[in-house]
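Heads up, the thing below is written out as structure tokens.
In the working numbering, the protein residues as written are 396 to 641.
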């Protein structure tokens, strides 16, 4: 399975990643990617950028080294109410918004409360994808989260980096993938790269998706066109205007 868009990419602005946007785009072009989303961590992450960083992403060109650039964020879920660390003013101006649980931003809670946090985040109109929902530090009621993603027409991520840096991720990620196939929801297969050389590195996540029987038509980021259509349906300004112009 050839995936042409990587929707979870970090740069120097995240505070613990090591490449610039241009370096990452150049690496993506060398690997044949059509599209990447620049999704630096929200400001609650230690070393993360200020809120205004996300507002100023409008200065980025739509394409760098022939790769389409989405202006995004990986916002941090802060509590069981699903509160996010980026203001609505900025959220509604981004092309794509990922949301996830990180133990440096929110103390892991019980399964019920972790689940509530993800369900509430999925109900936020600006959130498009829940990232690394198989994180073993945050046990969840997986079926409830998958059902909510289906109800909200949103995607869940299979995160390639989880299999490298989050010990114990394989089993919960496989179960998320199985449920995603059962319920027919969209899945984003992403690198979560923190260095340009890792952009588009998706083999481990692709293997999990294939083993679960997720069909290619349910892979959100299999190509840029599918991502653009998804974001237009989600009401993202840049892609709604493109759609209207066709």
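Note that CB positions come from ideal geometry on N, CA and C, so glycine has one too.
Separation of residue 418 and residue 432 (C-alpha to C-alpha, rounded to the nearest whole angstrom) is 14 Å. Its Cα nearest to that of residue 608, the residue 576 stands out among 600, 506 and 576.
Per DSSP, reduced to three states, the secondary structure at residue 428 is coil, with no helix or strand assignment. When DSSP assignments are scanned along the stretch 458-482, the uninterrupted stretches of beta strand (DSSP E) that are 3 or more residues long and fall wholly within it turn out to be 462-471. Between the alpha carbons of residue 410 and residue 449 lies a distance of about 14 Å. Residue 577 carries a helical assignment under DSSP once its states are collapsed to helix, strand and coil. Counting along the chain, residue 552 sits inside the beta strand (DSSP E) bounded by residues 550-554.
Between the alpha carbons of residue 635 and residue 626 lies a gap of roughly 8 Å.
Here residue 401 is bridged, per DSSP, to 431. Per DSSP, reduced to three states, the secondary structure at residue 493 is strand.
Nearest neighbour of residue 404 by Cα position, chosen from 552, 484 and 547, turns out to be 552. Taking a cut-off of 8 Å on C-beta distances, the stretch 488-503 touches the stretch 457-469, as three or more cross pairs fall below it.
Fully contained in the stretch 599-640 are the following alpha helix (DSSP H) runs of length 4 or more, in chain order: 619-628 and 632-639. Residue pairing of residue 583 in beta bridges, as defined by DSSP: 552.
With the rule of 3 Cβ pairs closer than 8 Å, the stretch 498-506 does not count as touching the stretch 537-544. Secondary structure of residue 557 (DSSP, three-state): helix. Annotated three-state conformation of residue 414 is coil, per DSSP. Residue 614 is positioned such that its CB atom lies no closer than 9 Å to that of residue 623.
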